[in-house]
Amino acid sequence: MSRTTELVLGIIGGVIGFGGAFFALFFGALDAEFTGNESVLNSGAAAFWFSALAIIGAIVVKFWAKIGGALMALSGLALLWNIGLFGVLPALLLIAAGMMGIFRKGKRQVEEKAA
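Position one of the sequence shown corresponds to residue 420 (the working numbering), numbered consecutively onward.
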């Protein structure tokens with residue numbers, strides 16, 4: 420079944436998540452330079468990897484919908500946890516795409532239940 424919606428939402432969420440991660444990395448580097456506190460820098464680095472995981476999940480959703488959906492939903496929650504307001508928009512997109520990947524039925528499954 421074509422999972423184009425999940426693919427597009429996942430890629431857009433991952434790319435916007437990269438943007439939020441770079442903002443967090445930038446502000447974290449400034450914070451680390453002036454105060455010595457590296458927690459924001461570490462959160463930005465984690466958000467970078469979760470954004471990459473979201474794009475991988477978006478690609479995987481074409482072949483294994485439930486696994487790709489779970490990867491995107493997990494990435495969305497992790498982005499929201501790691502970078503806060505920088506991650507709200509990508510988290511919404513990724514969680515929506517993840518839930519669609521996990522719970523949406525294929526055309527064959529719906530037709531078989533109707534018959």
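Ideal Cβ placement from N, Cα and C applies to all residues, glycine included.
Cut-off 6 Å between Cβ atoms - residues of its own chain near residue i, not counting five sequence neighbours on either side
i	result
N501	S462, A465, A466
A492	I514, G517
D450	N456, V459
F505	G439, F442, A443
T424	none
A510	G495, L498, L499
G447	V459, L460, G463
Among the options, the one whose alpha carbon lies nearest that of residue i
i	options	result
G436	E425, A473, M518	A473
I478	K524, A443, G520	G520
R422	G447, W468, K485	K485
C-beta contact flag for residue i and residue j at 9 Å
i	j	result
L498	G517	no
S470	V434	yes
G439	S494	no
F522	G487	no
Residues of its chain near residue i, where Cβ-Cβ distance is below 7 Å and the 5 sequence neighbours each way are ignored
i	result
L426	A477, V480, K481
I430	I474, A477
Residues of its chain near residue i, where Cβ-Cβ distance is below 8 Å and the 5 sequence neighbours each way are ignored
i	result
L512	L428, G429, I431, G432, I435, G495
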